[in-house]
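Trainee: Below you'll find the structure I mean.
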Amino acid sequence: MVLRELSDDAPGRLVPYGQRPYYSPDPLPPSTELQLATEFYETLSEATFWLGKLSGFGLTTDFAPVLYTSLLRKEAMESSEIEGADIDYNALYSYETRSLDAGGSDAETAPAADETKDVQEVLNYERALEDGIEALERGDGISIDLLHTLHETLLGGVPDDRRETDTIGAFKTVPNHLGEFVPPVPSAVDGPMDALLTYVRTGGSYHPLVDIALTHYQFETIHPYGDGNGRLGRLLVTLQLYDDGYLERPTLYLSEYFNRYKQTYVDRMDAVRKYGEWEAWIDFFVTGIRQQAEETLLRSQELHTLQREYKAEYGDDSATYARLACKLFDQPYLTAAVVEELLDVASPTAYRALDRLEEDGILEETTGKERNREYRAREIFEILERPPRTY
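FYI, in this note's numbering the residues of the sequence shown are 2 to 392.
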């Protein structure tokens with residue numbers, strides 16, 4: 002997006018700066034009243050409905066750890082993938098499981114250093130999201146200090162070749178750009194960010210989902226950090242949905258929608274910056290919430306149904322393999338050493354339980370090796386990995 006001049010409807014101005022002017026966005030709300038179509042309000046109503054269904058499911062269901070952790074983890078993976086990370090559930094759970102093994106007696110299974118790059122980004126996102134939710138539960142509210150803290154978590158421990166800045170946990174000190182688009186330079190960040198956070202704290206001007214769409218656009222346009230703006234901006238969406246009471250748990254993985262419509266995501270933001278086309282951006286954003294809320298609910302229901310099926314089949318059996326089957330919703334990726342620790346059994350017993358569940362089709366071995374074998378809960382991961390069904 003080359004910005005040399007703007008239309009009269011652009012919600013910002015170009016400020017001369019070196020060889021390229023930077024874009025200074027107007028504060029929220031938009032200066033002209035939004036002209037949202039009747040069809041949009043139908044989408045908005047559906048988004049609110051599915052968010053309510055999703056939160057209701059979380060309130061009334063005995064939420065297995067795999068439901069919470071894996072769906073939160075899906076958001077972390079999708080968000081990191083948008084930024085170029087290459088990671089999937091297998092790699093992530095394998096990394097964690099071998100890290101557990103390495104803490105015991107079998108250091109041979111420890112993850113290699115070159116495996117940590119993409120995995121670290123995902124785990125950082127997951128931890129930052131959890132930390133953000135905890136901060137909101139303490140009543141801290143969304144603030145500049147919280148954003149700095151979450152930014153430090155997102156980029157902490159990430160190798161230098163995966164980071165574009167040395168400034169972590171603070172606003173940028175060097176100008177950055179998105180192609181030809183230059184967001185506010187370091188000296189021009191504080192004011193727009195203070196105004197943005199004031200808009201968030203005071204409750205905005207429109208329906209909360211519309212205001213979250215406006216906030217996300219504004220944050221990404223200001224681009225206040227040297228790196229990690231996309232990840233932090235998407236994380237902020239989840240925090241706002243949670244803070245506004247639309248999510249009982251942070252399981253909505255909106256980044257899956259953004260990931261699949263990445264070019265539209267970029268184009269709609271560009272159209273706002275250049276032409277003030279707010280309505281198309283808001284429609285795209287709220288449609289994503291509507292689609293992903295339904296998608297998350299369907300996936301959660303499938304996992305919960307599977308959990309009940311395992312409990313019905315194995316719950317009354319005291320055999321080790323049966324106990325292990327019911328534990329898969331706590332620990333869906335396993336090694337023999339993990340089973341020994343999880344169920345407090347000897348190694349031969351752990352191997353027999355793994356073999357039995359592999360014969361039953363509940364587990365599948367993932368490495369193809371004779372030693373240091375790893376197993377995953379086949380049906381659980383099939384649900385987690387299937388493509389979206391709502392779009």
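The C-beta atom is built at its ideal place from N, Cα and C for all residues, glycine as well.
Going by Cα to Cα distance, which pick from T367, L335 and G362 is closest to Y352?
Mentor: The shortest C-alpha separation from Y352 is found at L335.
Trainee: In whole angstroms, what is the alpha-carbon distance linking P225 and R387?
Mentor: For P225 and R387, the distance between alpha carbons rounds to 35 Å.
Trainee: How should T36 be labelled, buried or exposed, when 16 other C-beta atoms within 10 angstroms of its C-beta is the threshold for buried?
Mentor: With the sequence shown as reference, residue 36 is identified as Gln, and Thr is not the correct amino acid for it. By the neighbour-count rule (16 or more Cβ atoms within 10 Å), Q36 is not buried but exposed.
Trainee: Compute the Euclidean distance between the alpha carbons of G105 and E360, then round it to the nearest angstrom.
Mentor: Caution applies to G105, whose pLDDT of 45 falls short of 50 and renders its modelled position unreliable; the model cannot decide the point.
Trainee: Give me the Cα-Cα distance between V175 and P187, rounded to the nearest whole angstrom.
Mentor: Spanning the two alpha carbons is a distance of roughly 6 Å.
Trainee: For G85 and W279, what's the separation of their Cα atoms in angstroms?
Mentor: Their backbone Cα atoms lie some 28 Å apart in a straight line.
Trainee: For R14, which residues in the same chain have their Cβ closer than 6 Å to its Cβ, ignoring the five residues on either side in sequence?
Mentor: Counting only Cβ-Cβ distances below 6 Å, and skipping sequence neighbours, we find S25.
Trainee: Looking at C-alpha atoms only, which residue of D146, L55 and S80 is the closest neighbour of G170?
Mentor: Of D146, L55 and S80, the residue nearest in Cα terms is D146.
Trainee: With a cut-off of 8 Å on the beta carbons, I'd call A48 and V287 a contact; round off their distance for me.
Mentor: Confirmed, about 5 Å.
Trainee: Judging by CA-CA distance, which residue of G140, L151, G142 and E138 is the nearest neighbour of R128?
Mentor: If we check each option's Cα against that of R128, L151 comes out closest.
Trainee: Where does R300 land, buried or exposed, given buried means 16+ other C-beta within 10 angstroms?
Mentor: Its Cβ being crowded by 16 or more others within 10 Å, R300 is buried.
Trainee: Determine the burial state of G133: buried for a count of at least 16 other Cβ atoms within 10 Å of its Cβ, exposed for fewer.
Mentor: With 16 or more other Cβ atoms within 10 Å, it is buried.
Trainee: Given L119, which residues of its chain have a CB within under 6 Å of its CB, disregarding the five upstream and five downstream residues?
Mentor: First, the residue type needs correcting, since residue 119 is Asp and not Leu in the sequence shown. Cβ neighbours of D119 beyond the five flanking positions: A86, D87 and I88.
Trainee: In or out: A294 buried (at least 16 other Cβ within 10 Å) or exposed?
Mentor: With 16 or more other Cβ atoms within 10 Å, it is buried.
Trainee: Counting only runs of 4+ residues fully inside the stretch 298–350, write out the alpha helix (DSSP H) ranges in chain order.
Mentor: With a minimum length of 4 residues, the continuous alpha helix (DSSP H) runs that stay inside the stretch 298–350 are 321–328 and 337–344.
Trainee: Rounded C-beta distance between L343 and L355? I'm assuming under 8 Å.
Mentor: Incorrect: roughly 11 Å between the Cβ atoms, too far for contact.
Trainee: Below 6 Å CB to CB, which residues in the same chain sit around V16 once its five sequence neighbours on both sides are set aside?
Mentor: Only P22, Y23 and S25 meet the Cβ criterion.
Trainee: Give the C-beta separation of L307 and I384 to the nearest angstrom, bearing in mind that I take them to be a contact with Cβ-Cβ under 8 Å.
Mentor: Contact holds; Cβ gap of about 7 Å.
Trainee: Taking the straight line between their C-alpha atoms, what separation do you get for L304 and Y200?
Mentor: L304 and Y200: Cα-Cα distance of roughly 38 Å.
Trainee: Using only alpha-carbon positions, find the residue among M194, E380, Q292 and T39 that is nearest to Y392.
Mentor: The shortest C-alpha separation from Y392 is found at Q292.
Trainee: What is the DSSP secondary structure of P1, counted as helix, strand or coil?
Mentor: Residue coverage of the chain in this structure runs from 2 to 392, which leaves residue 1 outside it and unanswerable.
Trainee: Using the C-alpha atoms, what's the distance from V190 back to N373?
Mentor: Near 51 Å, if we compare the C-alpha coordinates of V190 and N373.
Trainee: Which residues bound the alpha helix (DSSP H) around S56?
Mentor: Run containing S56: T39 to T61, per the alpha helix (DSSP H) assignment.
Trainee: Roughly how many angstroms separate the alpha carbons of E375 and L237, rounded to a whole number?
Mentor: Approximately 35 Å, taken between the alpha carbons.
Trainee: What residue range is occupied by the uninterrupted beta strand (DSSP E) comprising L26?
Mentor: Before going on, a small fix: residue 26 reads as Pro here, not Leu. Segment Y23 to P26, the beta strand (DSSP E) holding P26.
Trainee: When the Cα atoms are used, what is the spatial distance from N230 to E221?
Mentor: Distance between the alpha carbons of N230 and E221 is about 7 Å.
Trainee: Looking only at its chain, what residues have a beta carbon closer than 8 Å to the beta carbon of Y94, apart from the 5 residues adjacent to it on each side?
Mentor: So the qualifying residues of the chain are P333, Y334 and R377.
Trainee: Taking D331 as the reference, which of P28, A38, E131 and S71 has the closest Cα?
Mentor: Measuring from the Cα of D331, the nearest candidate turns out to be S71.
Trainee: Using DSSP bridges, identify the partner residues of L73.
Mentor: The partner list for L73 (beta bridge, DSSP) is empty, contrary to what the question assumes.
Trainee: Let me check understanding here. Comparing Cα to Cα, which of S256, T321 and Y266 lies closest to S80?
Mentor: Ranking S256, T321 and Y266 by Cα distance to S80 puts S256 first.
Trainee: Of the residues L248, S100, V183 and P389, which one's Cα is nearest the Cα of L55?
Mentor: Among L248, S100, V183 and P389, the Cα nearest to that of L55 is on L248.
Trainee: Suppose the cutoff is 7 Å on Cβ atoms and the five residues either side in sequence are ignored; what does the same chain contact list for A108 look like?
Mentor: With a pLDDT of 43 at A108, under the threshold of 50, the predicted position of this residue should be treated as unreliable, though the coordinate-derived value follows. Once the five neighbours on either side are set aside, A108 has no close Cβ partner at all.
Trainee: With DSSP as the reference, label A11 as helix, strand or coil.
Mentor: Reduced to three states, the DSSP call for A11 is coil.
Trainee: Determine the contact status of T154 and N125, defining contact as a CB-CB distance below 9 Å.
Mentor: Yes, Cβ-Cβ distance for T154 and N125 is below 9 Å.
Trainee: Using a Cβ-Cβ cutoff of less than 8 Å, which residues in the same chain neighbour P12 once the five nearest sequence positions on both sides are dropped?
Mentor: Excluding residues within five positions, the ones whose Cβ falls inside 8 Å are P26, D27, P31, S32, V273, R274, G277 and W279.
Trainee: Where does L155 fall in DSSP's three states?
Mentor: Residue state, collapsed to three classes: helix.
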